[in-house]
Amino acid sequence: MTDTRVSPSSPTRAPQVLMVLLVAAVLLGNNFLTSSGHGEIPGARPWAEGSVLRDLTELLNLNFQFATPTGTEVKDLVFGVGAAVAAALAIAFAAFRPRWEPPATNDSGASAGTARQPGFWRSLATANLTPLRGAQVLMVIAVVWSFQSINWSHAKLFAFGGSVVMALAVMWALGLAFGCDLRAARFVTAALMVVSALTAALAVWYYYERNPVQRAKYPIGNPLFLSAVLIPAFILSVTEIVRGLHPRSVLSAGRRAALLLASGLLAGLILWVFLLAGSPLPEWRNPLTLLWGFLTLGPRASIVGMVFGLLAVGFFAGGKRAKLACGGVMIALLVGALVLLGRLSEVTEYGRGATVRLRQYAWSYAFDLLRVRPWTGVGQGGYSLLADEMAGEDALTDPAAIEGRVSHAHNEWLETWTDLGTLGFVFVMGSYVLTFVAGADAVRHVRSPRDRWQLIGSLAALAALMVEECTNVALRLPGLPAVYFTVLGLVWARINAEEAREPSAGTAPPLAKGPLRWALTTAGFIIALAGLSVALLDWQGALSQQQGLSLARGLQFEQAVQAAEQARWWRLDPIRRLEASHELLSVHTAAATHHATQAQDRFRRSLEEPGGSTSLAALAEEDFKNARTYARRGLLLASWLHEYGAPSAFQAGVLEAQLCGLLAGIEARDHPGGSTE
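Going by my numbering, the first residue of the sequence shown is number -11, and it counts up by one from there.
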């Protein structure tokens, strides 16, 4: 029997080159770019004269020209645009594959004949789904189910935005899966590790030169998110070290030394960032004291995820006994983490116990919402809108734990379960289970040591991030999604590449032939274009949101309302849309108050002038009219906020009361002694 496969030494083709460059650009933009405005940073040291770091951070911050509310929205822009472009590249590659791929060859170099691997659509048509194809199909079904949840969501616009965010992330993963061959996957892995190394180095540099008082968070924006973003590179560096130390390694002495040195430096640098991302450690007394301090004061979710990922390396790399041992330790680790979580809820140092209790409260709200709609869920983004209404009593009894709005469940999978119900949760988790099944099978068949260990590292990194997200919200905010779904797409691409190298596989066919090919390609490009459009609109909404606040401070209320209205409709994430809506209410309130105050002042001055001033009186009447208009618009918006999501945490109730009082005063003036509308 001949061994039919695409030669591993075949050159990387143009679509894969573009995909690798795209992934590198997205990772660089996601990890390094920021979009904050001018402002003081608490505890920051003054910049030294001629500081290179200052020039670099200002450049990465786009020279303060594109300020957004949180300063991280540019990361969402990079990821969204990248997802749309990746989808377009993958569709083009899949549709016109024969024009780019060289013919498959067997070991003797002869043509492979007609043996072909079942394509994606052919697999669906014949119900001959591999675990990998099943995983991808289930993830697509989960996205469709998310859009379907709009029908029963109490806030359809919010559910639509959340579903679009989910769709963009899956588009990126699928784009990598179908747009990267094995050689491209190697380059993507290298890009991920290099970008992570640069990110860690910049974080350390910024910490010591600019702000050693706060926990390390630059350039991601949050200490927990920074440590989470670096987990995949740490796991991959460990697998590279194992590959270099393996007794059967085929590397030369020089290449082995270089591999061990580079991987060791990367792993050490990331651990350094982990230390800086935690609270200050207690005075060193002995190794146990230092370890306990690191576990209790460091980025705990990332630490648990990292340890779980290292155990996953042993699970995927070892035999049956190793799998049983590592699996048992992983279960024990999760149980121990839950027990430790309960113990840490009483820790008072640095407020870490309060953060544990916040998670316990957030999880209880998720289960309460699940009991309402166990099968279909409350709709995409529903937890973000409804959970805060359940936190009122807990916020009064434990204000240290609940200081603000409860926006997320602090457990990605529990929040997904709450939003999409048991059916949607099964689709998502089923996709991951099949991914790991396909990955474990591919590991057994990989012949190249480098590809085998990098596949093991990618699978372990995915598992580590999934565990890390059991107590974190990083996947709901800018920064981690681009890295997480890059890892997922990389796993899919590597498994797909290994399946294509099986003896029964040859050159994969295009998606379809003839008119169906063009129809599917056109539909795919339309979806990619739609993704690009909504990503750009979300970015414009973020800019408008910040611009609206600036215009309101400058008393340019009409322009401020227009900008804030754009943000309200264009932001995708449910919480960001809710925040933009509240800021629009704030602008209406500020405008109504300003015009009412100005009207009263002008009216008083008109009465003080001899004979009265008709011009001032006319201006006062115009101001009263404007105040009434802004107040009524604000009250309509407040009613809308009451309907769609916990306005109390955003003080919408206070603003509503202020508007009611202001409008009542104006109506009383217009109808003295009479009834008002």
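Here a beta-carbon is modelled for each residue, glycine too, at the ideal position from N, C-alpha and C.
Nearest-angstrom Cα distance between residue i and residue j?
i     : j    : result
S178  : L186 : The sequence given here has Ala at residue 178, not Ser. Approximately 12 Å, taken between the alpha carbons.
S(-3) : P119 : At S(-3), the pLDDT of 41 sits below 50, so the modelled position is not reliable; the number obtained from the coordinates is stated separately. Distance between the alpha carbons of S(-3) and P119: 27 Å.
R231  : L170 : 18 Å
E46   : Y194 : 13 Å
L517  : A72  : 7 Å
W441  : D43  : 39 Å
Q544  : R616 : 17 Å
R121  : I515 : 20 Å
F612  : T577 : 14 Å
W109  : Q547 : Residue placement at W109 is poorly supported in this model, since its pLDDT is 46, which falls under 50; the coordinates are not used for a value here.
V40   : R33  : 15 Å
S574  : L643 : 7 Å
H398  : P362 : 19 Å
C168  : L478 : 8 Å
Q586  : S538 : 20 Å
A580  : V128 : 47 Å
K308  : L468 : 33 Å
R347  : A80  : 44 Å
L180  : A12  : 7 Å
W628  : V421 : 40 Å
N460  : A354 : 14 Å
S225  : K311 : 21 Å
L696  : L384 : This structure does not reach residue 696, given that the chain is present from -11 up to 665, and the question cannot be answered.
With distance defined between alpha-carbon atoms, name the residue in the options nearest to residue i.
i    : options                   : result
L321 : A305, A310 and L298       : L298
A325 : G306, V301, I138 and G293 : G293
R592 : A605, T581, H582 and H583 : A605
I319 : A488, V455, L156 and R361 : V455
L214 : L312, F222, F513 and A265 : A265
R621 : K308, L650 and L156       : L650
A78  : V158, F54 and K63         : V158
S343 : H433, G380 and G392       : As written in the sequence, residue 343 is Thr, which differs from the Ser given in the question. Checking every option, the nearest Cα to that of T343 belongs to G392.
L572 : R590, A530, Q588 and R359 : A530
W527 : L447, T56 and G242        : T56
S352 : G341, A379 and V327       : A379
V549 : S532, L560 and P562       : S532
T423 : A449, L411 and L402       : A449
D589 : S603, F222 and A608       : A608
A142 : A350, H630 and S569       : The sequence as given places His at residue 142; Ala does not occur at that position. Minimum Cα distance to H142 is reached at H630.
M154 : L560, S569, H583 and R565 : L560
V125 : L162, Q136, F135 and G149 : L162
A388 : R345, L373, E377 and E61  : R345
R243 : E596, I444 and R438       : R438
Tell me whether residue i is buried or exposed, calling it buried when 16 or more other Cβ atoms sit within 10 Å of its Cβ.
i    : result
V471 : buried
L647 : buried
V718 : As displayed, the chain neither begins before -11 nor continues past 665, which places residue 718 out of reach and without an answer.
G494 : In this prediction, G494 scores a pLDDT of 45, lower than 50, which makes its location untrustworthy; the coordinate-derived value is nonetheless stated afterwards. Buried, because 16 or more other Cβ atoms sit within 10 Å of the Cβ of G494.
S240 : exposed
H26  : exposed
W506 : exposed
D407 : buried
L623 : buried
Q368 : buried
T22  : buried
L476 : buried
T509 : buried
N18  : buried
P287 : buried
G68  : buried
From which residue to which residue does the alpha helix (DSSP H) around residue i run?
i    : result
Y667 : Within the shown structure, residues of the chain are numbered from -11 to 665, placing residue 667 beyond reach of any answer.
H582 : P562 to E596
A481 : L468 to A488
E546 : F545 to W558
F52  : No alpha helix (DSSP H) holds F52; DSSP gives it neither H nor E.
V125 : P119 to Q136
H630 : T602 to Y632
G242 : A241 to A265
K63  : E61 to A83
A383 : G380 to T385
V301 : R288 to A305
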